[in-house]
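A.B. asks:
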Amino acid sequence: MAFAPFIDDLGFVVALILAGAAVLTYASIRAFWHILRNDPVRVRATFKASAVPAGIIGIVTLALGLWTEFTWPYLLSDGLGSYNIFFGDIISLFGMVMIVYAIVGGIPVINHEATITVIPQGSTSHVTWDVDVDDNMTDMMCQVYRQSLQALKDHLSG
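Numbering (this note's numbering), first residue to last: 1244 to 1401.
1. What first and last residue would you give for the alpha helix (DSSP H) that runs through residue 1278?
2. Judging by CA-CA distance, which residue of 1356, 1380, 1345 is the nearest neighbour of residue 1302?
3. Just curious, the beta strand (DSSP E) that residue 1368 is in, first and last residue?
4. Can you give me the C-alpha to C-alpha distance between residue 1267 and residue 1342, rounded to a whole angstrom?
5. Cα separation between residue 1291 and residue 1350?
6. Comparing C-alpha positions only, which one of 1299, 1378, 1353 sits nearest to residue 1288?
7. Where does residue 1300 fall in DSSP's three states?
8. Taking the beta strand (DSSP E) that residue 1350 falls in, what are its first and last residues?
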């Protein structure tokens, strides 16, 4: 049996998880404080400011999680096979969650409300997607909604 070098990165992963928890906790406490003061502009600024550190932590964590997935292919016969799923998948998922938080936290949307109405028409349905969004986001959101409705139509009719 050939010798495979083992690199234990779990200490670094724990530090990344703690850093992510610290960023999210700090942002949540600040946002809650601004909500109590009825200051939506500062709530938005808090999430926007925490987007960059959350994104950096997410990218590094996702890279580490994927590295773990591809370099720790232990066999069940080694007695370590369960570590593949336990560490790699969870670490990758945490990285993806942090990246999504960073993306959503960085989008300059103050107001967004959508209502989907489905009206049966015989053997088909008419879907209406009514959107109330900030003026600077209208074009982008309309394009996303059109694509989503087309995908829904293609999925249901095909």
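Virtual Cβ for every residue (Gly too), placed ideally from N, Cα, C. Every value quoted in this text rests on a predicted model; they were computed, and no experiment measured them.
C.D. replies: Checking against the coordinates, here is how it stands:
1. Sequence index remark: in the sequence shown, residue 1278 carries index 35 (1-based). 1253–1279 is the extent of the alpha helix (DSSP H) around residue 1278.
2. Mapped onto the sequence shown, residue 1302 falls at position 59. The shortest Cα separation from residue 1302 among 1356, 1380, 1345 belongs to 1345.
3. Locating residue 1368 in the sequence shown gives position 125, counting from the first residue. Looking at the DSSP string, the run of the beta strand (DSSP E) that includes residue 1368 is 1367–1376.
4. Walking along the sequence shown from the start, residue 1267 turns up at place 24. Walking along the sequence shown from the start, residue 1342 turns up at place 99. Between residue 1267 and residue 1342, the C-alpha separation is close to 12 Å.
5. To locate residue 1291, count along the sequence shown from 1; it is residue 48. To locate residue 1350, count along the sequence shown from 1; it is residue 107. Roughly 8 Å between the two C-alpha positions.
6. By one-based count along the sequence shown, residue 1288 stands at place 45. Cα-wise, what sits closest to residue 1288 is 1353.
7. Indexing the sequence shown from 1 puts residue 1300 at position 57. In the structure shown, residue 1300 sits in a helix (DSSP, three-state: H, G or I).
8. As a first step, residue 1350 is located in the sequence shown; it is residue number 107 there, counting from the start. Note, residue 1350: premise wrong, no beta strand (DSSP E); not H, not E.
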